[in-house]
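S.K.: Using our numbering, the first residue of the sequence shown is number 13, and each one after it goes up by one. Think of the CB as a built atom: it goes at the ideal place given N, C-alpha and C, for glycine as much as any other residue. Only a predicted model underlies this, so the values are computations on that prediction, with no experimental measurement involved.
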Amino acid sequence: MHLIDRIDHWASVSPEHPAHVSGNSVLTFAQLKAQSDALAAHIHSQTAGKPGPVAVVGHKEPEMLVAFLAAVKAGRPYIPIDISVPAQRAEKILASSGAVLVLKPETIAALNLAPAPAPEKRVEAGDPFYILFTSGSTGEPKGVVITLANLEAFLDWMCAEQKFPAMGEVFLNQAPFSFDLSVMDLYLSLSTGGTLFSVTKDDVASLKNLYLALGRSEVSTWVSTPSFAQMCLIERGFNQAMLPNLRRFLFCGETLAPETASQLLDRFPNAVVWNTYGPTEATVATTSILVDRPVLAEFSPLPVGRAMPGTELLIISEDGNPVPEGERGEIHIVGPNVSPGYLARPDLTGKAFYFRAGTPAYRTGDWGRCRNSLIFFEGRMDGQIKLHGYRIELGDLEANLRALPEVADALVLPVLKQGKVDALTAFVVPAAPVQGSEFEFSSKLKTALGQRIPVYMVPRKFRFLDAFPMTPNGKADRRKLAELLESSP
Ligand code: AMP
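What follows is the structure, encoded as structure tokens:
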């Protein structure tokens, strides 16, 4: 059944069932259907004859869900933009995507639309369903196009594997909608008649509020980055008593430490823990594994799991051929969940995507190994890192730093703690001698940077140098900088 019909179906089965809870707002399935139909009709009338996606800017408000569905009901993909994306970067996204319309919760509410049936032409299998912008190495965010067929391949697999009961689940929504992790909770919830429970930035701003919100949430399926769960584990009371309905943790996006999984199993004896792996370019996740006690006893680090049925993970050597079992190479994903490419960037698409015997394939840039069809993730091949679950291209950050008039040159290095990226340090060659204290100069650069890139990308520390150390062939020596970092963090 078409995903939109699967979602709308719940409006007739149980119209008053809550589809989304965010702060004090509750959106029922009946409201979701009626409002998205009416907004779809409005989008259709406003944009007829003009091609392009619909951008939706907000922060987890129910209107965002209404706008996502309205866009696809009007035959257009949507671009979710969380308000944490600074205005300058959002402008770049809007300009490069050719968005025909920008919807915000307050403008949608102000429209006061009368009920109207959705237009006839909606998004079909091969059409783009959403476009997610991720960090690009040049400083320009790149838009990953995900089709309805991509999304349905992912959802069908997860639903078959997890067997969510109809209308039986409350899903935690931790990630903002501009990150593909949120697609996991959003569409698993909507398509199975579940309730999506969003924790908002206000909830997360204070741990006390967060635990209060979680305690009220009735969450049964927890979807988050491992970092978020680790943060919650700081509180001893984060356990089955706080979340009595919790039955399952679904993790994706970064390395799941065995200690985190083990602590969660201790604190939540009624719950199971799953690790899943995949890039935005292959629709949220492509591998999975149930991390139980035997798996914890056997593996450290943990594997990221087995490929979803119908999709192949290949480990490819530098010469482009599959490596022998157990050897290290680049993880390639081949299957129906692989995106057709980056929006309006045939250059980037050509580098990362290809066809293998007619099936779309993606070079992840991840090092990996395969043993007995279990995949092990072994880090990145390039300058892409994960900081608290957020995907960051160091090149993106460096390009934005170099664009500041105060900066002659800049390099950014990850600061590791127990093998994991814990913070970022920027090494900066100032364009002119620093006036005032280095602290003041750092603060100035942080503020300027915060207007260009999301706050989570802004380096915690700045170090100022007259020039970068050089490698023998004249490149800036990142290794020397890393040594500098180790000797005086
Ligand atoms: P994103 O597109 O933000 O989902 O980031 C994708 C990248 O996150 C992958 O290419 C990996 O480098 C990393 N990643 C995703 N899932 C996992 C996982 N379970 N364990 C380790 N790294 C992961």
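Flag P291 as yes when its Cβ comes closer than 7 Å to any non-hydrogen atom of the ligand AMP, and as no otherwise.
M.R.: Translated into the one-based positions of the sequence shown, residue 291 becomes position 279. Because some heavy atom of the ligand AMP lies under 7 Å away, the Cβ of P291 counts as near it: yes.
S.K.: Give the straight-line distance between the Cα atoms of L39 and E173, rounded to the nearest whole angstrom.
M.R.: Stepping through the sequence shown from its first residue, residue 39 is reached at position 27. Stepping through the sequence shown from its first residue, residue 173 is reached at position 161. Near 28 Å, if we compare the C-alpha coordinates of E173 and L39.
S.K.: The alpha helix (DSSP H) that contains T371, what's its start and end?
M.R.: Taking the first residue of the sequence shown as position 1, residue 371 is located at position 359. From DSSP, T371 is part of no alpha helix (DSSP H) but of the beta strand (DSSP E) over 371 to 383.
S.K.: F209 and Q252 look like a contact to me (Cβ under 8 Å); what is the Cβ gap, rounded to whole Å?
M.R.: Residue 209 sits at position 197 when you count from the first residue of the sequence shown. Residue 252 sits at position 240 when you count from the first residue of the sequence shown. Incorrect: roughly 17 Å between the Cβ atoms, too far for contact.
S.K.: Suppose you measure from the CA of S345 to the CA of P127; what does that come to, to the nearest Å?
M.R.: As a position in the sequence shown, residue 345 is number 333, starting the count at 1. As a position in the sequence shown, residue 127 is number 115, starting the count at 1. The sequence shown places Ile at residue 345, not Ser. Each residue's Cα considered, the two are about 43 Å apart.
S.K.: For the segment 89 to 97 and the segment 105 to 115, state whether three or more C-beta atom pairs, one from each stretch, are separated by less than 8 Å.
M.R.: These segments touch.
S.K.: Considering just the uninterrupted stretch of the beta strand (DSSP E) at S236, what are its terminal residues?
M.R.: To locate residue 236, count along the sequence shown from 1; it is residue 224. From DSSP, the beta strand (DSSP E) with S236 extends over 233 to 236.
S.K.: Measuring straight from C-alpha to C-alpha, what distance separates L425 and E136?
M.R.: Position 413 of the sequence shown holds residue 425. Position 124 of the sequence shown holds residue 136. Each residue's alpha carbon lies about 43 Å from the other.
S.K.: How would you write the range of the alpha helix (DSSP H) that P352 sits in, first residue to last?
M.R.: Locating residue 352 in the sequence shown gives position 340, where the first residue counts as 1. Taken as a continuous stretch (DSSP letters only), P352 belongs to no alpha helix (DSSP H), as it is neither H nor E.
S.K.: Roughly how far, in whole angstroms, is the beta-carbon of A273 from the beta-carbon of T299, given that I think they are within contact range, below 8 Å?
M.R.: The residue you call residue 273 lines up with position 261 of the sequence shown. The residue you call residue 299 lines up with position 287 of the sequence shown. No, A273 and T299 are not in contact; Cβ-Cβ is about 16 Å, not under 8 Å.
S.K.: Mapping DSSP to helix, strand and coil, what is I343?
M.R.: Locating residue 343 in the sequence shown gives position 331, where the first residue counts as 1. If DSSP states are grouped into helix, strand and coil, I343 belongs with the strands.
S.K.: Taking all protein chains shown into account, decide if E28 is buried (16 or more other Cβ within 10 angstroms of its Cβ) or exposed.
M.R.: On the sequence shown, position 16 is the one that residue 28 refers to. With fewer than 16 other Cβ atoms within 10 Å, it is exposed.
S.K.: What are the boundary residues of the beta strand (DSSP E) that includes Y366?
M.R.: Sequence index remark: in the sequence shown, residue 366 carries index 354 (1-based). From DSSP, the beta strand (DSSP E) with Y366 extends over 365 to 368.
S.K.: Roughly how far, in whole angstroms, is the beta-carbon of V284 from the beta-carbon of L302, given that I think they are within contact range, below 8 Å?
M.R.: Along the sequence shown, one-based indexing puts residue 284 at 272. Along the sequence shown, one-based indexing puts residue 302 at 290. 6 Å between Cβ atoms; contact.
S.K.: Buried or exposed for G353, going by 16 or more other Cβ atoms inside 10 Å?
M.R.: On the sequence shown, residue 353 is found 341 positions in, with the first residue counted as 1. The residue in question, G353, is buried, as its Cβ has 16 or more Cβ neighbours within 10 Å.
S.K.: Give the range of the alpha helix (DSSP H) segment to which R460 is assigned.
M.R.: Translated into the one-based positions of the sequence shown, residue 460 becomes position 448. The sequence given here has Ala at residue 460, not Arg. Note, A460: alpha helix (DSSP H), 450 to 462.
S.K.: For Q47, tell me which candidate among V68, V69, E75, V66 has the shortest Cα-Cα distance.
M.R.: As a working note, residue 47 is residue 35 in the sequence shown. Cα-wise, what sits closest to Q47 is E75.
S.K.: How should P63 be labelled, buried or exposed, when 16 other C-beta atoms within 10 angstroms of its C-beta is the threshold for buried?
M.R.: On the sequence shown, residue 63 is found 51 positions in, with the first residue counted as 1. Answer is exposed; the Cβ neighbour count stays below 16.
S.K.: For L268, is the beta carbon positioned less than 7 Å from some heavy atom of the ligand AMP?
M.R.: Numbered from 1 along the sequence shown, position 256 holds the residue referred to as residue 268. Yes - the ligand AMP has a heavy atom lying nearer than 7 Å to the Cβ of L268.
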